[in-house]
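Below: one structure, written as structure tokens.
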Amino acid sequence: MERIMAIDYGEKRIGIALTDPLLTFAYPYKTIINDARTFTVINDIIREMGVTSLIIGLPLNADGSEKEITLRVRKFGENIEKITGLKPGFYDERYSSSIAQERIISSVSKKSKRRDKGLVDMNAAAVILEDYLREIK
Numbered sequence: 002m003e004r005i006m007a008i009d010y011g012e013k014r015i016g017i018a019l020t021d022p023l024l025t026f027a028y029p030y031k032t033i034i035n036d037a038r039t040f041t042v043i044n045d046i047i048r049e050m051g052v053t054s055l056i057i058g059l060p061l062n063a064d065g066s067e068k069e070i071t072l073r074v075r076k077f078g079e080n081i082e083k084i085t086g087l088k089p090g091f092y093d094e095r096y097s098s099s100i101a102q103e104r105i106i107s108s109v110s111k112k113s114k115r116r117d118k119g120l121v122d123m124n125a126a127a128v129i130l131e132d133y134l135r136e137i138k
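So the sequence shown is numbered by our numbering: it starts at 2 and just counts up by one.
Have a look at this one:
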């Protein structure tokens with residue numbers, strides 16, 4: 002059985018989504034704080050959830066060119082590989098946060114909950130993972 006993890010990297014928070022073991026669907030898993038424990042927490046999730054593949058959202062401009070943060074995301078991926086042994090793939094994350102925000106607005110009734118940035122981050126990771134799953138099928 003396989004399980005893929007997607008990461009929506011942010012300077013403050015990191016959204017995480019997972020697939021089911023049959024790679025049928027993606028779901029938001031959690032948002033973690035991006036701090037000194039980040040790599041340990043991600044490694045623990047990988048082990049606990051049986052993750053076999055890793056995708057990291059790659060921030061790009063609308064025209065497909067790289068942003069300033071793109072280099073930091075690539076470096077983050079290198080560090081993840083050193084710690085976990087999983088070589089991450091990078092996947093275009095353009096518009097994932099906007100799509101996640103739209104989903105939250107349409108499905109969450111409480112305004113205070115809609116403003117939860119952590120909820121947006123993990124849902125953005127799920128959007129990235131859903132797009133990736135569609136592409137590989």
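The beta-carbon is built from N, C-alpha and C at its ideal position, and this holds for glycine as well.
Judged by beta-carbon spacing, Y133 lies within the 8 Å limit of I56, meaning their Cβ atoms are closer than that value. P89 sits buried, since 16 or more C-beta atoms from the chains shown fall within 10 Å of its C-beta. Closest option to G11, judged by alpha-carbon separation, among L24, M50 and D36: D36. Restricted to the region 61-95, the alpha helix (DSSP H) segments that are unbroken, complete and at least 4 residues in length are 69-85, listed in chain order.
Contact check for G58 against R4 fails: the beta carbons are separated by 8 Å or more. S54 is positioned such that its CB atom lies closer than 8 Å to that of L87. According to the DSSP assignment, D9 belongs to the beta strand (DSSP E) that extends over I5 to D9.
T85 sits close to I47, with the two beta carbons spaced by under 8 Å. With contacts defined as CB atoms closer than 8 Å, T39 and M123 fail to qualify as a contacting pair.
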